[in-house]
Structure formats: structure tokens, C-alpha cells
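Visitor: Numbering (the working numbering), first residue to last: 7 to 258. Here it is, the structure in full.
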Amino acid sequence: MRIIDADVHLAPIREQGIDASIETTILKMDRAKVDQALVWLIPPYLRHIDDSNAYIYEATRKYPDRFLGFGWADPNLGVDKAIDSVKKCIYEYGFHGVKLNGAQNSYYIDNPEYAPVIEEIAKTKKALALHVGADAFEFTHPFRVRKIAKEYPEMKILVAHMGGVGHADLTDAMIEVAQECPNIMLIGSMVRTNAIWKAIEQLGADRVCYGSDTPFDIMHACVGKYKALIEDLPVDDQEKIMGGNLLRTLGF
Numbered sequence: 007m008r009i010i011d012a013d014v015h016l017a018p019i020r021e022q023g024i025d026a027s028i029e030t031t032i033l034k035m036d037r038a039k040v041d042q043a044l045v046w047l048i049p050p051y052l053r054h055i056d057d058s059n060a061y062i063y064e065a066t067r068k069y070p071d072r073f074l075g076f077g078w079a080d081p082n083l084g085v086d087k088a089i090d091s092v093k094k095c096i097y098e099y100g101f102h103g104v105k106l107n108g109a110q111n112s113y114y115i116d117n118p119e120y121a122p123v124i125e126e127i128a129k130t131k132k133a134l135a136l137h138v139g140a141d142a143f144e145f146t147h148p149f150r151v152r153k154i155a156k157e158y159p160e161m162k163i164l165v166a167h168m169g170g171v172g173h174a175d176l177t178d179a180m181i182e183v184a185q186e187c188p189n190i191m192l193i194g195s196m197v198r199t200n201a202i203w204k205a206i207e208q209l210g211a212d213r214v215c216y217g218s219d220t221p222f223d224i225m226h227a228c229v230g231k232y233k234a235l236i237e238d239l240p241v242d243d244q245e246k247i248m249g250g251n252l253l254r255t256l257g258f
């Protein structure tokens, strides 16, 4: 079975005391028997993302068969700057989409002032990724995702953590929104196992992607958890969850 991790962070320096370098991540992927990973930067404490986006590009150039590059934009740096980041990530780096993280970058993802950034991503015909978790539920609440998904029904939206990243999580609300919005794909990273299973049961095996949130979780342990969780599903459904759904969302 081909395994693709839909949530992996890289960083050119030790961020938050963690080694998330290209080579260290390749070693983790090899141990976990992960064939490819969707990679984006680690949210920096300093509001400077250009070097980190460039590092993601370096990773995709060095290991084109292992890394699927994904960009990052921060509207708090200015809407025009964020739009420039989108254009560079898509048209120069050839990334598969752009991520907006209202949690770590501290903004409401449906802020009307930042709508031009999402509009620019939609224009590229690439995917939008959103951090959606209980760690910053006001900034990234599922009802805000619903507004974006309804506004751009043709745009594919990857939802990292599917409302988890907290004990009193928002996974039920996120699953409900995903039921309404077929353009949403859930990434079950850093979220309770029973919530992942509930999403599979209620949405079907074609709406959930395996993800680990490496380096913030242990990749090979996450692979093992998913394999145990879905072992009784038909092989076709297992293959969708472990990589096929992500590839379809990215247009492969």
C-alpha cells in the first residue's frame, strides 16, 4: 500500500527545540515506510516565512519523489505581501496549494479584509489548507470554514486536525460542516482516534486523509494507529485514506 502523510512540517533551523530538517524527516519517513509526505513550514515565532517557504522548495527539489510541497501565507504581514507569497509558492515553486493558519498566526480565517488572499488561492486552481483546531477555536472554528467552502465551492480545501488539537475539541462540528461541503477533505492529524473513525463512518472513506503532524507527533506510531483503525475496511478504502484521497484532492 502506498502511504502518503498529509501533514508534515519542515524547518531549516530548530523551531521550538525540534529538529524538522529535510534529512531527519526523510529518516522518519523511511522508518515509518511512508512513501511521500505533504510538507509545509513550522509556524515561526517570528513573522517571517519567506525563508521557510524557500526551504520547502529546496526539499521538493532534493527529494521530488518523496515531498509534495505546500506553501504558506500570513495575511497579518499585509494582504499584498500574502498575495505575493501565494503567487511565488504556486507559480515559482510549483507547490500544490497554500496553507493559512489562523491559530498560530492569530487571525480569523474568514476575516473579510483577508478575503483577497483566499481569492488569489482560488484563482490558482490549487488547494487551500486550513488549520482547524480547538487550540484556537475562535480563529479557526468550523463555521468559519463553512463560510469559505460555500463561497468557493470549486476550491479543494484540506482541513488539518479536523477540529482537534485539544481535549474539548470541535470534531463533531467539523464533520457536520464537511457533510454540507463536498469540497472539504479532512486530515486526521493530532486528533482523537474515535473522531477519525466517526468521520470515516459519517462521511465515507473518501473524505479522510492519514496525517501525522510530524514532528509534533511520531510518524511511525501514527501509521501504526491508522493501520489498526482501518484494518477491517476494504483494501480500496484503506488505500484512499492512506494516500489516495490526498492525491485526488491535489489533482493527481
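Yeah, the Cβ is synthetic: ideal placement off N, Cα and C, and Gly gets one too. This structure is a prediction, so every number in the text was calculated from the model and none was measured.
Inspect the beta-carbon positions of Val138 and Gly103 and report whether they are closer than 8 Å.
Guide: For Val138 and Gly103, no; Cβs fall outside 8 Å.
Visitor: Do Ala166 and Cys187 have their beta-carbon atoms positioned less than 8 Å apart in this structure?
Guide: No.
Visitor: Indicate the three-state DSSP secondary structure (helix, strand or coil) for Ile10 in the structure shown.
Guide: Reduced to three states, the DSSP call for Ile10 is strand.
Visitor: Give, in chain order, every unbroken run of the beta strand (DSSP E) that is at least 3 residues long and sits entirely within the stretch 73-161.
Guide: Complete beta strand (DSSP E) runs here, min 3: 73-75, 103-106, 133-137.
Visitor: Do the CB positions of Val229 and Ala38 come within less than 8 Å of each other?
Guide: Yes, the Cβ-Cβ distance between Val229 and Ala38 is below 8 Å.
Visitor: Should Tyr97 be labelled buried (16 or more other beta-carbon atoms within 10 Å of its own) or exposed?
Guide: Exposed, by the Cβ-count rule.
Visitor: Run through DSSP, which three-state label would Val197 get?
Guide: In the structure shown, Val197 sits in coil (DSSP, three-state: anything other than H, G, I, E or B).
Visitor: Got a sec, what are the start and stop residues for the beta strand (DSSP E) Leu44 sits in?
Guide: First-last of the beta strand (DSSP E) with Leu44: 42-47.
Visitor: Does the stretch 106-113 come within contact of the stretch 72-86, defined as at least 3 CB pairs closer than 8 Å?
Guide: With the cut-off at 8 Å, the stretch 106-113 and the stretch 72-86 touch.
Visitor: Where does the unbroken alpha helix (DSSP H) through Cys187 begin, and where does it stop?
Guide: Unbroken run through Cys187: none, as it is neither H nor E.
Visitor: For Gly216, report the span of its beta strand (DSSP E) as first-last.
Guide: Residue identity differs from the one stated: residue 216 is Tyr in this sequence, not Gly. 214-216 is the span of the beta strand (DSSP E), which, as asked, contains Tyr216.
Visitor: Name the DSSP beta bridge partners of Val165, please?
Guide: For Val165, which the question treats as bridged, DSSP gives the partners Leu136, Leu192.
Visitor: Do you know how far the Cα of Lys204 is from the Cα of Thr255?
Guide: Each residue's Cα considered, the two are about 21 Å apart.
Visitor: Distance check for Lys162 and Ala128, CA to CA, integer angstroms please.
Guide: Using only the alpha carbons, I get a separation of about 9 Å.
Visitor: Give the straight-line distance between the Cα atoms of Ser218 and Pro122, rounded to the nearest whole angstrom.
Guide: Distance between the alpha carbons of Ser218 and Pro122 is about 30 Å.
Visitor: In the DSSP output, which residue or residues are listed as bridge partners for Thr255?
Guide: Bridge partners of Thr255: none, in fact.
Visitor: Should Pro49 be labelled buried (16 or more other beta-carbon atoms within 10 Å of its own) or exposed?
Guide: By the 10 Å Cβ count, Pro49 comes out buried.
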